[in-house]
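Step one of this worksheet: look at the structure below.
Have a look at this one:
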């Protein structure tokens, strides 16, 4: 007896790098695939080696979960087409995949009674981790369809995706200029490229291990290991030899000290009045 497929796909644009569409679970769950043309739908099902190309939105009626993998500029068009189609949307969950839009951007569908969510791959994850934000029903159905083995779908509180956006920038993008500056500083010492990158890797790994252990009290690296006089000597030499690098260090240290001081004060207040 042929297994009923529980997931449909609406797709446009480039899908070759999609983390969602590479998931093994879709090999068992994906059924109808709707694209802008039947030719494109056939091409995508051939690429995925699963799914059945369909011509109309009404052909998605048998599934309860619809994954939407389209460029952001196409979301309004597809939402309008779905909302005006004859497809019964009342029992459907629709999940917009790999987009920084939020569930609020799918208002046209929620007005039709659709449970909606947005799904994003965790940057750099080797374990197929995703974060999802939206309505509970859509979250539950998406988890049921794609979670298996090391694939995890972690739920964000609805309306908080902007905080996750900030976290990805702070942890994954903003440190890059600092590592480039550290790379330049190590090059000035005469270290070979292989040793240079090995040292940077060790420093970064050590910092992250300390962070996840909660070892913030030892923050400061070499600042905690030498006297103020030696620290000042190094800073003076940096200002003389590379004033741009010295200015970057002062700027970052000043901000970091303020940030840690605020966090320390907030922790003290919480401990004094946990209610």
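In my numbering, the protein residues as written are 25 to 299. Built from N, CA and C at the ideal position, the CB exists for glycine as well.
Closest residue to residue i among the options (Cα-Cα distance)
| i | options | result |
| --- | --- | --- |
| residue 200 | 83, 164 and 228 | 228 |
| residue 182 | 235, 125, 196 and 67 | 125 |
| residue 220 | 235, 234 and 204 | 204 |
| residue 272 | 223, 253, 193 and 208 | 208 |
| residue 136 | 282, 68 and 110 | 110 |
| residue 148 | 112, 121, 197 and 127 | 197 |
| residue 98 | 189, 123, 52 and 76 | 123 |
Same chain, Cβ closer than 6 Å to residue i, five either side skipped, listed in chain order
| i | result |
| --- | --- |
| residue 154 | 143, 145 and 177 |
| residue 179 | 156 and 163 |
| residue 167 | 177 |
| residue 263 | 270 |
Integer-rounded CB distance, given that residue j should sit under 8 Å from residue i
| i | j | result |
| --- | --- | --- |
| residue 49 | residue 206 | Going by Cβ atoms, the distance from residue 49 to residue 206 rounds to 40 Å, so no, they are not a contact pair. |
| residue 55 | residue 87 | 6 Å |
| residue 58 | residue 39 | Not confirmed; about 13 Å, so no contact. |
| residue 91 | residue 121 | 5 Å |
| residue 210 | residue 224 | 7 Å |
Residue i and residue j closer than 9 Å at C-beta
| i | j | result |
| --- | --- | --- |
| residue 119 | residue 185 | no |
| residue 158 | residue 114 | no |
| residue 139 | residue 107 | no |
| residue 30 | residue 93 | no |
Neighbour-count burial assignment, residue i, 16 or more Cβ in a 10 Å radius
| i | result |
| --- | --- |
| residue 26 | For residue 26, the pLDDT reaches just 49, beneath the cut-off of 50, and the residue's location in the model is therefore unreliable, although a value from the coordinates is still provided. Exposed. |
| residue 252 | exposed |
| residue 6 | Look at the range of the chain in this structure, 25 to 299, and you will see that residue 6 is not part of it. |
| residue 33 | buried |
| residue 75 | buried |
| residue 202 | exposed |
Sequence-distant residues of its chain with Cβ nearer than 8 Å to residue i (five each side left out)
| i | result |
| --- | --- |
| residue 171 | 49 and 177 |
| residue 85 | 111 and 112 |
Cβ neighbours of residue i in the same chain (closer than 7 Å, five flanking residues each side left out)
| i | result |
| --- | --- |
| residue 174 | 151 and 152 |
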